[in-house]
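Peer 1:
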Amino acid sequence: EVLLKEVFENVFSQLSFQIELFKPIIKINFDNVSIININKAYIESILLNLLTNAIKYRSENRKLKITIQANQVDDQVELSFKDNGIGIDEAHIPRLFERFYRTDDARSREVGGTGLGLAICKHIIEAHGENIHLRSQLNVGTTVGFTLPQ
181 EVLLKEVFEN VFSQLSFQIE LFKPIIKINF DNVSIININK AYIESILLNL
231 LTNAIKYRSE NRKLKITIQA NQVDDQVELS FKDNGIGIDE AHIPRLFERF
281 YRTDDARSRE VGGTGLGLAI CKHIIEAHGE NIHLRSQLNV GTTVGFTLPQ
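Be aware that the sequence shown starts at 181, since it is given in my numbering, and climbs by one per residue.
1. Residues in the same chain with beta-carbon distance under 7 Å from I199, minus the five sequence neighbours each way, listed in chain order, please.
2. Quick check: what's the CA-CA separation for G265 versus N217?
3. For the pair the stretch 303-310 and the stretch 237-251, tell me if three or more CB-CB distances fall below 8 Å.
4. Going by DSSP in three states, G321 sits in which element: helix, strand or coil?
5. Could you pull out every residue in the same chain whose Cβ sits closer than 8 Å to the Cβ of L296, ignoring the five residues on either side in sequence?
6. Hey, could you find the ends of the alpha helix (DSSP H) N190 is sitting in?
7. Whole angstroms are fine: how far does the CA of A271 sit from the CA of K220?
8. Locate the beta strand (DSSP E) running through T232, then write down its first and last residues.
9. Report the CB separation of S225 from L183 in whole angstroms; it is logged as a contact under 8 Å.
Rendered as structure tokens:
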């Protein structure tokens with residue numbers, strides 16, 4: 181069992197340089213969820229990947245806003261990460277969770293990374309018998325949602 185508040189504090193600490201540099205508006209709503217049943221390193225890896233992606237793929241034209249929501253639904257916790265970044269073309273969405281898949285080679289070289297982040301997230305979540313999904317719209321933003329055991 182892991183305390184969500186503690187996990188987020190640790191992830192924000194690891195990203196403190198990027199958070200200080202880009203000063204995103206981060207809204208977190210846990211409401212009735214405080215504990216999830218997953219290894220702490222796994223959930224930190226997921227959160228670190230999703231927050232890093234939101235920062236990397238932010239729009240240069242507007243202030244980055246990230247909304248993180250956690251809700252208790254039966255014996256699961258539903259988590260969602262929504263940003264107002266550059267978004268992803270619909271044609272790429274079916275392949276985003278593949279290892280090493282990158283949407284744009286030129287952009288990939290510019291922002292770095294291996295193309296493994298979302299594949300790792302998917303692997304961890306599915307290893308717990310849960311699901312992950314992604315919705316995105318170009319120039320509007322991206323929402324990644326997933327479930328975890330309570």
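Backbone N, C-alpha and C fix where the C-beta goes; we use that ideal spot for every residue, glycine too. Keep in mind the model is a prediction, meaning the values are calculated, not measured.
Peer 2: With the given structure in hand:
1. Hits under 7 Å: F192.
2. 30 Å
3. no
4. strand
5. R279 and F280
6. L184 to Q194
7. 34 Å
8. Taken as a continuous stretch (DSSP letters only), T232 belongs to no beta strand (DSSP E), being part of the alpha helix (DSSP H) at K220 to K236.
9. Going by Cβ atoms, the distance from S225 to L183 rounds to 17 Å, so no, they are not a contact pair.
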